[in-house]
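Q: Taking the working numbering, I'd label the letters of the sequence shown as residues 7 to 751. Idealized CB from N, CA, C, for every residue including glycine.
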Amino acid sequence: MKFHQLTYQNNYLKIIKYSLLVIFIFILSFKANTEIPEKYKIETSLPNCKGTNYVNWTDCYGEYIFPRNEYKGEWKNGSFHGQGVLREAWGGIYVGGFKNNLANGFGRQEELDGSWWEGEFKNDWLNGNGSSENTKGDKYIGEFKEGIETGHGKWNWSDGSSYEGQIVEGSPNGLGKYIDQYGSISEGEFKDFKLVGRGIFKNWNGDFYEGNFLDGFLDGEGYFSKTDGTEAKGFFKKDYLNGKGVWKYANGNVAEGNFKMDKLEGYGTYTYSNGDKYEGQFKDGQFHGKGKLTYNDGGVAEGQWENDELNGYGKFYFENGDKYSGNYINGLMDGKGEYLFENGDKYIGFYSKNMKHGKGEYIYSNGNKFIGTFVWGLEKGYGVFNWSGADKYEGDWKDGWRTGKGKYIYESGTIYEGDFIENVAEGMGTIIYSDGTKYVGEFKDGDEHGQGSIKYSNGDKYIGQFENAYEHGQGKMIYANGAIYEGLWENGKEAEGKTTLAKFTTDEKYYALIIGNNNYEKLEDLDNAVNDAKDLEKVLKEKYGFKTTILIDEKSDETENAIIKFTQNRDKNDNILIYYAGHGELIKKQKRGYWLPTDAGSTQDSKWLSNNNIKDLISSSDAKHILLVVDSCFSGSLMRGSGENKSVEKLTVSAVERFKKLKTRLVMTSGGNEFVADGIGNSSNSVFAEPLIKALRDNNDVIRSIELFQTVQNYVINNADQTPNHSLIHGTGHNGGEFLFFPKS
Numbered sequence: 007m008k009f010h011q012l013t014y015q016n017n018y019l020k021i022i023k024y025s026l027l028v029i030f031i032f033i034l035s036f037k038a039n040t041e042i043p044e045k046y047k048i049e050t051s052l053p054n055c056k057g058t059n060y061v062n063w064t065d066c067y068g069e070y071i072f073p074r075n076e077y078k079g080e081w082k083n084g085s086f087h088g089q090g091v092l093r094e095a096w097g098g099i100y101v102g103g104f105k106n107n108l109a110n111g112f113g114r115q116e117e118l119d120g121s122w123w124e125g126e127f128k129n130d131w132l133n134g135n136g137s138s139e140n141t142k143g144d145k146y147i148g149e150f151k152e153g154i155e156t157g158h159g160k161w162n163w164s165d166g167s168s169y170e171g172q173i174v175e176g177s178p179n180g181l182g183k184y185i186d187q188y189g190s191i192s193e194g195e196f197k198d199f200k201l202v203g204r205g206i207f208k209n210w211n212g213d214f215y216e217g218n219f220l221d222g223f224l225d226g227e228g229y230f231s232k233t234d235g236t237e238a239k240g241f242f243k244k245d246y247l248n249g250k251g252v253w254k255y256a257n258g259n260v261a262e263g264n265f266k267m268d269k270l271e272g273y274g275t276y277t278y279s280n281g282d283k284y285e286g287q288f289k290d291g292q293f294h295g296k297g298k299l300t301y302n303d304g305g306v307a308e309g310q311w312e313n314d315e316l317n318g319y320g321k322f323y324f325e326n327g328d329k330y331s332g333n334y335i336n337g338l339m340d341g342k343g344e345y346l347f348e349n350g351d352k353y354i355g356f357y358s359k360n361m362k363h364g365k366g367e368y369i370y371s372n373g374n375k376f377i378g379t380f381v382w383g384l385e386k387g388y389g390v391f392n393w394s395g396a397d398k399y400e401g402d403w404k405d406g407w408r409t410g411k412g413k414y415i416y417e418s419g420t421i422y423e424g425d426f427i428e429n430v431a432e433g434m435g436t437i438i439y440s441d442g443t444k445y446v447g448e449f450k451d452g453d454e455h456g457q458g459s460i461k462y463s464n465g466d467k468y469i470g471q472f473e474n475a476y477e478h479g480q481g482k483m484i485y486a487n488g489a490i491y492e493g494l495w496e497n498g499k500e501a502e503g504k505t506t507l508a509k510f511t512t513d514e515k516y517y518a519l520i521i522g523n524n525n526y527e528k529l530e531d532l533d534n535a536v537n538d539a540k541d542l543e544k545v546l547k548e549k550y551g552f553k554t555t556i557l558i559d560e561k562s563d564e565t566e567n568a569i570i571k572f573t574q575n576r577d578k579n580d581n582i583l584i585y586y587a588g589h590g591e592l593i594k595k596q597k598r599g600y601w602l603p604t605d606a607g608s609t610q611d612s613k614w615l616s617n618n619n620i621k622d623l624i625s626s627s628d629a630k631h632i633l634l635v636v637d638s639c640f641s642g643s644l645m646r647g648s649g650e651n652k653s654v655e656k657l658t659v660s661a662v663e664r665f666k667k668l669k670t671r672l673v674m675t676s677g678g679n680e681f682v683a684d685g686i687g688n689s690s691n692s693v694f695a696e697p698l699i700k701a702l703r704d705n706n707d708v709i710r711s712i713e714l715f716q717t718v719q720n721y722v723i724n725n726a727d728q729t730p731n732h733s734l735i736h737g738t739g740h741n742g743g744e745f746l747f748f749p750k751s
């Protein structure tokens, strides 16, 4: 307690002892307002002072009331000296040691408001160890220097916070530990109550910070972790990652590279918890600039990025082998691009929002090609479609279908020009057959149907009604020899005396090798393959007169020997059908499919029958017409093209004769290079075999494999997630023929 401040409350300068004596003499006549309470009594061995003039008091105990202060204690040479109690004008009381009127030694100061401090005094200042408490209840224990907390000490504030460590001029400076009212801990080097240098911060919620600090912020190399699993390590500026660092997010994602304000900036990597990884340029924490994103399934996106999305030129390598290169907008294919499919198909043209949109060219792996306009992924507007077999369509498209006005040129030379609805000639049109026959009139379901006229190549001319491609109803025929018949027609014949058209017939021989495998030694058994084989054999044998050979659950050697014997011992006019139902597999690196007999292993072994071997046997066979029907997974490697969307020429006598003369090597499969269903619902047949067998059973006219396929395909795609295919067997000598089914009746 500073005595000169107690005597003259507003005087903050130390005055010399002589001045104090003059002042004391001057104020002798004044009275104190209050007295020192009895509880502050001190113990002394000195005698009581004599006389009333304190200036003469020495080595004695005396009590003196000044005009504004009161002192009880020991004196020496007219000054407070020794133990004493001093009441200040404002009511504060000091109890302790004095020397030459100044507090000196151990003492305690108490104020009327309840605040206090005590400890070692020197020259009226706390110097050394001490403690204090203010009106708020804040407490300090530690070292003082000239009345100010300096040295080692501990603060306990009324809000529950505390500090222990080095203090300079009342403020934490140096090594220390601060705990706030919530339980958060700061520990390390302090300056002006802020962490500087190495330190740690433990938040009340469990978050943890360690590293270099500046002005209370992480600054320099450091580390922090949060209770949710978030971690960051690297270089910080004001608590933010700024510079090289690694950030691990609570969800397991990891960002690494150059940071700015906790966000990646410049080059870096971002690895997702699922294994996806981006490597490249960042801006404000987002993919921005040149970069590459590799997906855990093998897909890769690379190019120019903006706002975490591909924007501008980019490439995408899909996990299934597809590849796109072209323009992107907000992560979607948009603008000009090129898409190469794993199966060899290719599209070159314009995109909008990931869909083919605008002018483009679609080239199929089998050589088919479409050039025209797409609208949201489907052909629409004018377009040209060229089939690898030389068929060609040019005209209108709508929603992926040939719809509107168009022209279809068949491989045979037949040309149709007119109206189309969903790939079928329907409405008004003109067809000129390869033999010169010309029809002009109405069409329905691809056939002449309604009112029309036809001029045959032999000179006959008919005008009238048609039904299902034949003269039917009222009509007039002018024969080339000048004869005329006008009246009713039925099924292409004059109604008088003749009511039906003679059926197409054949003298050629038909053979079928039918293979069905249910029970496997090393693979999962199937349910319906054997039923499919038996039901197909029955309809081919009973309705179409096939001579059949059936193999049920046979092993590899027996199956291969049967195929060799079946294909090689044939006449040039024979028609042979091979049907396989069972497990199939695909080796992607070889781009080759396999049939799996019942003794085949789950991984490739000598028991697997290669599609290439089967193709070789078909190619070397003398049989003129061969149809391969495969109901197994991954049978698409046998394909070269598809019957989908292809128009079917009317089956005339001349067409039948042409098909019979030309070599045929065709395949019909239950799907592409994909898994196919063994069965659906309660059916005892597969989703592919059921419509195939039904179509053959219900048919009563000569039917081509392509017509049979289109019936089967419509059923399958509406009932299962697979797409049947029909194509020539590439490299086996197909020469434009067809496999024809002739019912016995």
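Just checking my contact of Asn-524 with Asp-531 at CB under 8 Å: how many whole Å lie between their CB atoms?
A: Reading the sequence shown from its first residue, position 518 is the one you call residue 524. Reading the sequence shown from its first residue, position 525 is the one you call residue 531. Right, their Cβ atoms sit about 6 Å apart.
Q: With Asp-340 as the anchor, note down where its beta strand (DSSP E) starts and where it stops.
A: Here residue 340 refers to the residue found at position 334 when the sequence shown is read from its first residue. Its beta strand (DSSP E) spans residues 338-346.
Q: Helix, strand or coil for Tyr-485, going by three-state DSSP, please let me know.
A: Start at 1 with the first residue of the sequence shown, and residue 485 comes out as number 479. Note: Tyr-485 maps to coil in three-state DSSP.
Q: Where does Val-722 land, buried or exposed, given buried means 16+ other C-beta within 10 angstroms?
A: By 1-based counting over the sequence shown, the position of residue 722 is 716. Buried, by the Cβ-count rule.
Q: Would you tell me roughly how many angstroms separate the C-alpha atoms of Asp-707 and Asp-605, rounded to the nearest one?
A: The residue labelled residue 707 in the question sits at position 701 within the sequence shown. The residue labelled residue 605 in the question sits at position 599 within the sequence shown. Answer to the nearest angstrom: the Cα atoms are 41 Å apart.
Q: Within the same chain, show all residues whose beta-carbon is closer than 7 Å to that of Gly-739, passing over the 5 residues directly before and after it, in chain order.
A: In the sequence shown, counting from the first residue as 1, residue 739 sits at position 733. Within the same chain, Gly-739 has close Cβ partners Ser-625, Lys-669, Arg-671.
Q: Mind checking whether Phe-322 and Ser-331 have CB atoms under 9 Å apart?
A: As a first step, residue 322 must be located in the sequence shown, where it is residue number 316. As a first step, residue 331 must be located in the sequence shown, where it is residue number 325. Result yes, Cβ atoms of Phe-322 and Ser-331 sit closer than 9 Å.
Q: Tell me the DSSP bridge mates of Pro-178?
A: Looking up residue 178 in the sequence shown gives position 172. Answer is Ile-173, bridged to Pro-178.
Q: Where does Ala-475 sit, in a helix, a strand or coil, going by DSSP?
A: To locate residue 475, count along the sequence shown from 1; it is residue 469. Reduced to three states, the DSSP call for Ala-475 is coil.
Q: Can you look up Phe-715 in the DSSP assignment and give me helix, strand or coil?
A: For the purposes of this step, residue 715 is identified with residue 709 of the sequence shown, where counting begins at 1. Looking at Phe-715 - three-state DSSP - the assignment turns out to be helix.
Q: Nearest by alpha-carbon distance to Glu-696: which of Val-390, Gln-310, Asp-637, Tyr-550 is it?
A: Indexing the sequence shown from 1 puts residue 696 at position 690. Closest by alpha carbon: Asp-637.
Q: Can you check whether the CB of Ala-431 is closer than 9 Å to the CB of Tyr-414?
A: Mapped onto the sequence shown, residue 414 falls at position 408. Mapped onto the sequence shown, residue 431 falls at position 425. Yes, they are a contact pair.
Q: Put Ser-167 into one of helix, strand or coil per three-state DSSP.
A: Against the sequence shown, residue 167 aligns to sequence position 161. Coil, per DSSP.
Q: So, for Trp-131: in the same chain, excluding its five sequence neighbours on each side, which residues have a beta-carbon less than 6 Å away from its beta-carbon?
A: Here the question's residue 131 lines up with position 125 in the sequence shown. Only Glu-152, Gly-153 meet the Cβ criterion.
Q: Alpha carbons only, please: which of Gly-742, Glu-527, Ile-556 is nearest the one belonging to Ile-521?
A: Mapped onto the sequence shown, residue 521 falls at position 515. Of the candidates Gly-742, Glu-527, Ile-556, the one whose C-alpha sits nearest the C-alpha of Ile-521 is Ile-556.
Q: From what residue to what residue does the beta strand (DSSP E) around Lys-365 run?
A: The sequence position of residue 365 within the sequence shown is 359, counting from 1. Lys-365 -> beta strand (DSSP E) spans 361-369.
Q: Rounding to the nearest angstrom, what Cα-Cα distance links Ala-587 and Leu-270 in this structure?
A: Along the sequence shown, one-based indexing puts residue 587 at 581. Along the sequence shown, one-based indexing puts residue 270 at 264. One C-alpha to the other measures close to 57 Å.
Q: CA-CA distance, Tyr-439 and Glu-477?
A: To locate residue 439, count along the sequence shown from 1; it is residue 433. To locate residue 477, count along the sequence shown from 1; it is residue 471. Roughly 16 Å separates the two Cα atoms.
Q: In whole angstroms, what is the alpha-carbon distance linking Thr-505 and His-732?
A: Here residue 505 refers to the residue found at position 499 of the sequence shown. Here residue 732 refers to the residue found at position 726 of the sequence shown. Low confidence applies to Thr-505: its pLDDT is 35, below 50, so where it sits in the model is not reliable enough to give any reading.
Q: Going by Cα to Cα distance, which pick from Val-101, Leu-546, Ile-570, Val-202 is closest to Gln-89?
A: By 1-based counting over the sequence shown, the position of residue 89 is 83. Considering only alpha carbons, the answer is Val-101.
Q: With DSSP as the reference, label Lys-553 as helix, strand or coil.
A: Here the question's residue 553 lines up with position 547 in the sequence shown. Strand.
Q: Taking its Cβ as the centre, do 16 or more other Cβ atoms sit within 10 Å of Lys-142, making it buried, or is it exposed?
A: Against the sequence shown, residue 142 aligns to sequence position 136. Classification for Lys-142: exposed.
Q: Using only alpha-carbon positions, find the residue among Asn-741, Asn-537, Lys-547, Leu-519 that is nearest to Lys-571.
A: Reading the sequence shown from its first residue, position 565 is the one you call residue 571. Closest option to Lys-571, Cα to Cα, is Leu-519.
Q: Jot down the residue ranges of each uninterrupted beta strand (DSSP E) in the stretch 215-240, minimum 3 residues, whole runs only, in chain order.
A: Those beta strand (DSSP E) runs which fall completely within the stretch 215-240 and span 3+ residues are 223-231.
Q: Curious, which full-length beta strand (DSSP E) runs of at least 3 residues does the stretch 372-426 contain?
A: With a minimum length of 3 residues, the continuous beta strand (DSSP E) runs that stay inside the stretch 372-426 are 375-381, 384-392, 398-403, 410-415.
Q: Just verifying my parser: in three-state terms, what is the DSSP assignment at Ile-42?
A: Within the sequence shown, residue 42 is the residue found at index 36, counting from 1. In the structure shown, Ile-42 sits in coil (DSSP, three-state: anything other than H, G, I, E or B).
Q: Is it true that the stretch 99-119 meets the stretch 52-64, where meeting means three or more beta-carbon pairs spaced less than 8 Å apart?
A: No: fewer than three Cβ pairs fall under 8 Å.
Q: So if DSSP puts Ile-593 in a beta bridge, which residue, or which two residues, is it bridged to?
A: Within the sequence shown, residue 593 is the residue found at index 587, counting from 1. The partner list for Ile-593 (beta bridge, DSSP) reads Arg-598.
Q: Can you tell me the Cα-Cα spacing of Ile-460 and Met-674, whole angstroms?
A: Here the question's residue 460 lines up with position 454 in the sequence shown. Here the question's residue 674 lines up with position 668 in the sequence shown. Those two C-alpha atoms are separated by around 35 Å.
Q: Between which residues of its own chain and Phe-748 is the CB-CB distance below 6 Å, once the five residues before and five after are set aside?
A: Start at 1 with the first residue of the sequence shown, and residue 748 comes out as number 742. Excluding sequence neighbours, Phe-748 sits near Thr-512, Val-708.
Q: Given a threshold of 16 other Cβ atoms within 10 Å of its Cβ, counted over all protein chains shown, does Lys-540 qualify as buried or as exposed?
A: As a working note, residue 540 is residue 534 in the sequence shown. Answer is exposed; the Cβ neighbour count stays below 16.
Q: Check the C-beta distance from Ala-475 over to Asp-441 and give it rounded, since I have them as a contact under 8 Å.
A: As a working mapping, residue 475 is identified with position 469 in the sequence shown. As a working mapping, residue 441 is identified with position 435 in the sequence shown. With 8 Å as the limit, Ala-475 and Asp-441 do not qualify as a contact, their Cβ atoms being about 15 Å apart.
Q: Have a look at the DSSP bridge pairing and note the partners of Gln-480.
A: Your numbering for residue 480 matches position 474 in the sequence shown. Beta-bridge pairing links Gln-480 to Leu-494.
Q: Can you name, in chain order, every residue of its own chain whose Cβ lies under 6 Å from the Cβ of Glu-308, other than the five neighbours on each side?
A: Position 302 of the sequence shown holds residue 308. So the list reads Lys-298, Lys-321, once near-sequence residues are dropped.
Q: Helix, strand or coil, according to DSSP, for Asn-17 in the structure here?
A: For the purposes of this step, residue 17 is taken as the residue at position 11 of the sequence shown. With a pLDDT of 30 at Asn-17, under the threshold of 50, the modelled position of this residue cannot be trusted, and the question is left open.
Q: Who are Glu-80's beta bridge partners in DSSP?
A: Residue mapping note: residue 80 aligns to position 74 of the sequence shown, counting from 1. In DSSP, Glu-80 forms a bridge with Tyr-67.
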